[in-house]
Every structure is written in C-alpha cells, then in structure tokens.
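Worksheet: one structure, shown below.
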Amino acid sequence: MTLALLGLINCPSLVLAYIAQSVNKHLVNMRSQSERPKFPDNGAPTGRRKGGTSRDGCTPLNMPITALVPGEEIAEESKSFLTFTIFEYPTFWVYVPELPLNAHFGEFLLQDENDENIYRISLSLPEKASVVGIPLPQIPEYALKTNKNYQWYFKLFCGDPRKTPDYFYVKAWVQRVPLTSKLQSQLNIGQSNSYTTYAANQLWQDAITNLANLRLTNPDSHIFLKDWTLLLKDIGLSELAPVPIMKLDKLQKGVRQSN
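Everything in the sequence shown is counted per this note's numbering, starting at 2 for the first residue and increasing by one.
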C-alpha cells in the first residue's frame, strides 16, 4: 500500500484519479438501498404537500405546487410530514410549476403552532417551472427555537387582483432539534458532503438545503445531480429532480410580470 501511494505521489494525474475513485466508491456505498434514509410519518402534525389543481378564479395548473418535504399521496389526499433542522434559520423549498398569466404573486408564511405569524414575505413568481429556496432571514425575532413545531405555507395567488384573490397552497411543519456532539463529530468528518450525514440523521431540511446549494455552486456535477435525484426519490418526488433550482434573490418582491 505504501509503495502504491509513493507511486501516486510521483504522478499527479494518478493522484486525481485515485481521489476520484475513492469519492465515487463512497457515494456508491451511500446510494445503496440499505443505507438510503427513510423519512417516515412520525405521528406529528401533518400538512398538505401538494396544492390543488383548480380553484374558483384560478386556471388549473399542469402540475401542482409542491413542498419539497417527505409525505405521501393517498387517493386525492396529499399529506406532508414533519421535518427536522438543527439551524435557527433554515431554508424552505417549493416546486413552482409553469404558471398561467392570471397567477400574480406568491407568499411565504411561517407561523408557530398556535397560528401566530412569525415571518411573511410576498414574492414574484419565476417565469419557468423552478424549485425555489426561501431562506428564513437571520433576524433574532424569526429564529426557530429548539423542540418547537412551526408551520409554513407557500401560497400562489391568482384570479382578479382587484378582489380577494384565490390561491393554491401547500403547508408543512418543521421542528428545530439540538445539535448533539455525536452529530457534530459526524459533520466534522464528512464536511464535503454534509447532506449524507443530515439525511442519515433524518434532518431533511438541512440535507436538501446543503445539496441544493452544492448543485447551485457546481452546476456541472453529475454526482450532485444523481444524489439530488436519489434524495427526491426517497420521498416520492423524483419527477422534480430535473427542474432547475432558483435562489430567492432572483425573485424580486412584487407582482409577476407577464410577457
């Protein structure tokens, strides 16, 4: 083994190939079915993972708006499961489909478990179908407290803006949990792909955010695309894997402009 490593040191191209082979071997192991994470319904409050396909005053959507969270679809009922995070200010992810012209703007709303508003923001809407990340601003009054449940909504308003507009919506729940010393040790070991550690510990909110950010900064990475596809497959949303990801700062506040 020592002689092999000395040979590699003398040939930089072999070093790179060796590193790539080691990384790929780790990712193959991570993708094995036995190690793939599960995000079950743990009996906590549930929400609505997919928005409806029709509303009075709203043109039916080709695909529903969807909260990128674990859940299940049974008959016509769409259910979202509670997710977990270790962060005070997590990012929330929503699939926004291609929209009709009478879709005017979106709204994100975070509430505590007593329905008290914590944070609300109006958003313009992407011109093309996108997965949109909505970060919670790092302001103390918005910070999530540990072991507390919070509910969040994404609403898509449509219809006549001069009247009370109709809307599609999704709803999900999130809970912040403490960062344990064991988890911190695991994260220190696997800093380059923290999403695998988050997923293994059922920290969905953090796994998807970490991997989404890696995809945004490494758009040509086939590894991150494959892992993104597998992560969404684990929650039954693999059809959304090819959809482009968009940062919130690309969505200006206000009303969507039609062409």
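Using N, Cα and C, we set each Cβ at its ideal position, and we do this for glycine too. Just so you know, these numbers come straight off a predicted model, no measurement behind them.
Do you know how far the Cα of residue j is from the Cα of residue i?
i: C159; j: E78; result: 22 Å
i: S131; j: P245; result: 5 Å
i: K51; j: W174; result: 14 Å
i: A213; j: P138; result: 18 Å
i: K156; j: S193; result: 34 Å
i: E74; j: A208; result: 22 Å
i: E128; j: W205; result: 28 Å
i: D42; j: D221; result: 34 Å
i: R216; j: N189; result: 21 Å
i: S182; j: H223; result: 32 Å
i: K164; j: G191; result: 52 Å
i: G44; j: Q203; result: 15 Å
i: K146; j: R177; result: 6 Å
i: Y168; j: H105; result: 10 Å
i: P61; j: L233; result: 25 Å
i: Y90; j: Y199; result: 16 Å
i: S1; j: L124; result: Residue 1 lies beyond the residue range present for the chain, which begins at 2 and ends at 260; the question has no answer from this structure.
i: D228; j: A76; result: 29 Å
i: K39; j: D235; result: 7 Å
Going by C-alpha distance, which of the options is nearest residue i?
i: L241; options: K39, T86 and W94; result: W94
i: R121; options: L232, E114, I209 and G107; result: G107
i: N63; options: G44, N148, Y96 and P71; result: Y96
i: P98; options: Y170, T84 and L110; result: Y170
i: P136; options: N103, K183, D167 and F88; result: F88
i: G48; options: L184, C59 and V70; result: V70
i: N118; options: L188, L215, L126 and Q152; result: Q152
i: P179; options: N148, S123 and A76; result: N148
i: K248; options: F82, L126 and E114; result: L126
i: P46; options: H105, D228, E114 and L110; result: E114
i: L111; options: T86, S81 and Y154; result: Y154
i: V133; options: D57, T67, G237 and S182; result: T67
i: G58; options: L124, S123 and P166; result: P166
i: L226; options: T210, G72, P243 and I236; result: P243
i: T197; options: L231, L124, L238 and L100; result: L231
i: T210; options: S123, G72 and T86; result: T86
i: D261; options: N103, K172, P65 and T92; result: The requested residue 261 is not part of the displayed model; the chain covers only 2 to 260.
What are the boundary residues of the alpha helix (DSSP H) that includes residue i?
i: D228; result: H223 to K234
i: K164; result: Unbroken run through K164: none, as it is neither H nor E.
i: I190; result: S182 to I190
i: Y196; result: S195 to A201
i: T86; result: Here T86 belongs to no alpha helix (DSSP H); instead the beta strand (DSSP E) covers T84 to T86.
i: T218; result: W205 to T218
Please report the residue range of the beta strand (DSSP E) in which residue i lies.
i: R121; result: N118 to L124
i: A104; result: A104 to D113
i: T60; result: Careful: T60 lies outside any beta strand (DSSP E) and carries neither H nor E.
i: I135; result: S131 to P136
i: E74; result: G72 to I75
Mind checking residue i: buried by the 16 CB within 10 Å criterion, or exposed?
i: P143; result: The question names Pro, yet the displayed sequence has Tyr at residue 143. Exposed: under 16 other Cβ atoms inside 10 Å.
i: T84; result: buried
i: S195; result: buried
i: S186; result: exposed
i: I140; result: exposed
i: T218; result: exposed
i: P101; result: exposed
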